[in-house]
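Report on the structure given below.
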Amino acid sequence: MESRSSRDALQCEQDIHVTENMMQHIPAGGSAAGASTQMFAHASHFESNNSTFQAAHTINTTAIFNNPSEKTTVPSGYQEGMSNITSQHCPPEFIGRKDLISSLEMHFIKGESSTAQRKQKRHLLWGLGGSGKTQTALEFAFQFEDQTHRFTKVWMIHAASESLIQASFYDIAMQTNQLQPTWLSGKRWLETQKEEWLVIYDNADDPELKLGKFMPTCRHGNVIITSRNATLIQLTMGPAGSNTELKDMAHTDAVQLLMTYAGMGHNATVEDQLMVEKIAQSLCCFPLALVQAGAYIQQQHCLYGYLERLESQRAQIMSINASQSYDDYTLSVYSTWNLSWNKLQNSAQEFLKICSCMHFENIPREMFQRVVDNIDKVNQVHPGPLVDQVIDLLEKLFSNSRQWNDITMDTIILELTNFSLINVMQHGKTYNIHPLVHEWVSDGVKHQKDVIAAFLAVSMEEISEYEMPFVLQLQEHCKLVNALDVKEVFIWNAFSSLWSLSGNYVKELEIVKALLENSEEVKGKHHPETITYGGHLGAVYGRLGRYNDALELQEPLLKLSEQVLGKEHPDTLNKIQNLAVTYANLGRYNDALELEEPLLKLSEQVLGKENPDTLTQIQNLAVTYKHLGRYNDALELEEPLLKLSEQVLGKEHPDTLGRTQNLALTYKDLGRYNDALELGSLCSNCQSKC
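What follows is the structure in structure tokens.
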């Protein structure tokens, strides 16, 4: 049989819940007896036995929360009824976000209630300003407040500032008839009402706001937070919490929203529908942009002229504030984001400006680190105004420091995520920016293209084939910059290397031609640098399959190199090799052989037998032998070559793997199938490890 003490404790938790709090709020200088008199002033079904209460089904909790030490001042910003969601102005028709409403229903409505779980349910709706967070939260509340009767009451906390939060709680205290209404008594009322209330904390955008201290500290109730600040996810951790980023609308919903605000009814033609779809696409299906575009089209009757206005005067049209609005929100898209911009530190603004000159997706963090790491070396080798401007950028980003600091970079990124102006991808390796945000920053203050070209070039200093992930990330950003518009040789060389590594030989050709012409003009045709660029151009022709163009350039260039640099100069040896490759590509294997056999001997003497270039020349000669049907001669070269390559480069080096495959093919050509199979298996195993 349950003891009285345990039964009383259980009854206290179920019916009172705040026994400890009651005693804490006895007025200073008062007595517990006095407090209990107030406490049970309107109690019903009260039973007592030996001065111990058994149960009270109705308790005057209002009296408990009166604390003379709390001043009953009216908080700044208070308006009567401000905590009622019925006082919020909403559009007559909510469009889209069905999946999100369903996920909120799943979280709050379906399954056990918060009181049954003894866990307060929380959900954060976060995203860019203008993405529809408030409207989505209100739509959910309106739909399910009456339908399911899950929520006993829905309250709105205006969370743009501490004073507005306090004003909202003060309004709750007033509406619940607290004898001493304060914002704290309003908050405590929620904490003690063990019910399924829903509280919407709206527009909790300020990164300095400590929202956690304004959350009801209890194990019941339901909370939705709307914010641009993704870091508030910390308040929704745990099994009873969840969060959703509001992204662009589904295309069909976006079209419907735009047509609604443009006043287009059932009389819209197929052509009208197609034009609306184009406009929605141009606005990235972003809710606030769609609403304001629709209003502008309705007012100006310019459905078929809107796109032209948008393309030619984007900044102006995206900055027009609405004269009328269903929900009292009249700020334009750009005005909305300008509020966030004005709160950013200079370093965060500078970061966004740089990113606005890149592609809006996959902006690599590594790019910024490489610029910091390379800038001093580049400044020594290629000093000039553009490099000085890159240094200025870095000092603005990293507070006059030219040393890479992960914490400083993390601080910049955190500040931008506080306003949902950037998305962190790939575990912090890359960043994405919403296309409209990207254009908004671009339409404001933008860095000059030549400075950004220099910034990219510094990040590419000494880039190689061993850094292909970075190469592939960077190429989309480099496509937005025409390096030829910036007459700086170090920039041209950097972009040439990138296009070569990424396989974009057409772009590489354009830059190498410019490098050659510039060198001929500045230094003369016989200058070693000019000869080097000539060899580079011939190699690019070869990569493009333009072998005759390559041949026309390489034959006289070899003679010039021998005259100027000498027959044994490494650059001359390289030009012999390139010409031999061109002969082979044209099917002129005997001509290739005439060059390659003496070249190998010369290369071993000048460069050494273990030099990577010498190893390449051995392989090329072996391939030429095979083209001429001389498989045994090829084998005599390839077997020792493979051992040497494994020693010098390692078994898993790409060049070693290629030589393994070539030797396996030679075995096959000689009918040595078991040897070929064994080598092929080894090669496959190494490739799978890589």
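Quick note: the sequence shown uses the UniProt record's numbering, first residue 1, plus one each step. The beta-carbon is built from N, C-alpha and C at its ideal position, and this holds for glycine as well.
Integer Cβ distance of residue i from residue j, believed to fall under 8 Å
i, j, result
"residue 694", "residue 641", "With the chain represented from 1 up to 690, any question about residue 694 goes unanswered, as that position is not in the structure."
"residue 570", "residue 606", "7 Å"
"residue 235", "residue 211", "6 Å"
"residue 204", "residue 232", "6 Å"
"residue 337", "residue 437", "7 Å"
"residue 692", "residue 520", "As displayed, the chain neither begins before 1 nor continues past 690, which places residue 692 out of reach and without an answer."
"residue 637", "residue 649", "About 17 Å separates the two Cβ atoms, so there is no contact after all."
Same chain only: Cβ atoms within 7 Å of residue i, ignoring 5 sequence neighbours per side
i, result
"residue 335", "319, 321"
"residue 420", "126, 127, 128, 228, 230"
"residue 258", "276, 279, 280, 290, 293, 294"
"residue 579", "554, 555, 558, 595"
"residue 282", "307, 310"
"residue 600", "617, 618, 621"
Secondary structure of residue i, DSSP reduced to three states
i, result
"residue 176", "coil"
"residue 304", "coil"
"residue 548", "helix"
"residue 535", "helix"
"residue 35", "Residue placement at residue 35 cannot be trusted, given a pLDDT of 39 that sits under 50; what the coordinates show is reported in the next sentence. DSSP places residue 35 in helix when its eight states are reduced to three."
"residue 699", "Nothing can be reported for residue 699, as the shown portion of the chain is limited to 1 through 690."
"residue 335", "helix"
"residue 121", "strand"
"residue 73", "coil"
"residue 126", "strand"
"residue 271", "helix"
"residue 364", "strand"
"residue 673", "helix"
"residue 662", "helix"
"residue 656", "helix"
"residue 156", "strand"
"residue 692", "Residue 692 is absent from the structure shown; the chain starts at 1 and stops at 690."
"residue 724", "Outside the shown range of the chain (1 to 690) lies residue 724, about which nothing can therefore be said."
"residue 355", "helix"
"residue 318", "coil"
"residue 629", "coil"
"residue 44", "Residue placement at residue 44 is poorly supported in this model, since its pLDDT is 44, which falls under 50; the coordinates still yield a value, given next. Three-state DSSP puts residue 44 in coil, outside helix and strand."
"residue 524", "coil"
"residue 151", "coil"
"residue 730", "This structure leaves residue 730 out entirely; the chain is present only between 1 and 690."
"residue 459", "helix"
"residue 681", "helix"
"residue 617", "helix"
"residue 701", "For the chain, the structure presents residues 1 to 690; residue 701 sits outside this window and is missing."
Contact set for residue i: own chain, Cβ-Cβ below 6 Å, skip 5 residues either direction
i, result
"residue 348", "412, 415, 416"
"residue 167", "75, 77, 78"
"residue 676", "664, 667, 668"
"residue 586", "547"
"residue 486", "450, 453"
"residue 350", "396, 397"
"residue 160", "203"
"residue 627", "589"
Residues of its chain near residue i, where Cβ-Cβ distance is below 8 Å and the 5 sequence neighbours each way are ignored
i, result
"residue 435", "284, 360"
"residue 371", "390, 394, 455, 458, 459"
"residue 240", "114, 117, 119, 120, 121, 122"
"residue 611", "603"
"residue 517", "none"
"residue 216", "120, 187, 190, 191, 199, 223"
"residue 429", "364, 365, 366"
Does the region 342-361 come close enough to the region 474-490 to have 3 or more Cβ pairs within less than 8 Å? At 8 Å Cβ cutoff, the stretches touch.
Pairing CB atoms from the region 540-550 with CB atoms from the region 493-510, are three or more of them under 8 Å? Contact between the region 540-550 and the region 493-510 is present, with at least three C-beta pairs closer than 8 Å.
Does the region 141-159 come close enough to the region 243-263 that 3 or more CB-CB pairs lie under 8 Å? Contact fails between the region 243-263 and the region 141-159, because fewer than three Cβ pairs, one in each stretch, are under 8 Å apart.
Whole beta strand (DSSP E) runs in the region 182-230 with 3 or more residues, listed along the chain? Unbroken beta strand (DSSP E) stretches of 3 residues or longer found wholly inside the region 182-230: 198-202, 222-227, given in chain order.
Report the residue ranges of all alpha helix (DSSP H) runs contained in full by the region 76-119; include only those spanning at least 4 residues, in chain order. Correct list: 98-108, 114-117.
Mind the definition here: the region 261-276 touches the region 97-111 only if three or more C-beta pairs lie below 8 Å; say whether that holds. Contact fails: fewer than three Cβ-Cβ distances are below 8 Å.
Where are the beta strand (DSSP E) runs, 3 residues long or more, that stay fully inside the region 551-611, in chain order? If we require 3 residues or more, the region 551-611 turns out to have no beta strand (DSSP E) run fully inside it.
In the region 390-439, which residue ranges form an unbroken beta strand (DSSP E) of at least 3 residues, counting only runs that do not cross its ends? Entirely contained in the region 390-439, the beta strand (DSSP E) runs reaching 3 residues are, in chain order, 423-425, 430-432.
Using 8 Å as the cut-off, can you tell me whether the region 195-204 makes contact with the region 178-185, which would need three or more C-beta pairs spanning the two stretches below that distance? With a cut-off of 8 Å on Cβ pairs, the region 195-204 is not in contact with the region 178-185, counting fewer than three such pairs.
Threshold first: 4 residues or longer. Then list the alpha helix (DSSP H) segments lying entirely within the region 480-516, N to C. Those alpha helix (DSSP H) runs which fall completely within the region 480-516 and span 4+ residues are 489-502.
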